[in-house]
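K.L.:
Residue numbers (UniProt numbering): 1 to 139.
1) Using the C-alpha atoms, what's the distance from residue 2 back to residue 14?
2) Mind checking residue 26: buried by the 16 CB within 10 Å criterion, or exposed?
3) Please list, in chain order, all residues of the same chain as residue 165 whose beta carbon is under 6 Å from its beta carbon, the five residues on each side excluded.
4) Excluding sequence positions up to five away, which residues of its chain have a Cβ less than 7 Å from the Cβ of residue 34?
5) Report the option in 8, 50, 62 whose CA atom is closest to the CA atom of residue 88.
6) Which residue wins for smallest C-alpha separation from residue 10, given the options 39, 29, 31?
7) Can you give me the C-alpha to C-alpha distance between residue 69 and residue 110, rounded to a whole angstrom?
8) In this structure, does DSSP put residue 12 in helix, strand or coil?
9) Measuring from the CB of residue 30, is there a heavy atom of the ligand GDP at a distance below 7 Å?
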């Protein structure tokens, strides 16, 4: 099942997110997902596994498991790269070994200090918590 976007392209309503996928297991998980019928894959620079996901996609294309045009691939711009969108997008394309993306999203709408393309730093701690000091100070 897919929805038709304003562009006329169809986007599968069900996708598989690769967040927290074990890097060593991606090469087996993605082909299995494709065999099960998944056609939408949700990636992100901050997941730190675009390289492994790209290798799995390349193998799937090279072995004729699926054609690139039959997949809908999304990845995301990390918040430290808001001022470097083109460079970050090209870096994701290179890692994913793709010539194009079907959807490129802003992962987090609040920008942070740029730390260099491909060196995303999460604002979340190890437990996935973002601590904000909301105290007010009057000098």
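Quick reminder that beta carbons are idealized off the backbone N, C-alpha and C, glycines included.
Just so it is clear, the structure is predicted and the values come from calculations on it, not from any experiment.
P.N.:
Working from what's here:
1) Approximately 8 Å between the Cα atoms of the pair.
2) That one is buried.
3) Given a span of 1 to 139 for the chain in the structure shown, any question on residue 165 remains unanswerable.
4) Cβ within range, chain order: 60, 65, 66.
5) Looking at the Cα atoms, 50 is the closest of the given residues.
6) Out of 39, 29, 31, 39 has the C-alpha closest to the C-alpha of residue 10.
7) Going by the C-alpha atoms only, they are around 32 Å apart.
8) Looking at residue 12 - three-state DSSP - the assignment turns out to be strand.
9) Within the structure as shown, the ligand GDP is missing, as the structure has no ligands at all.
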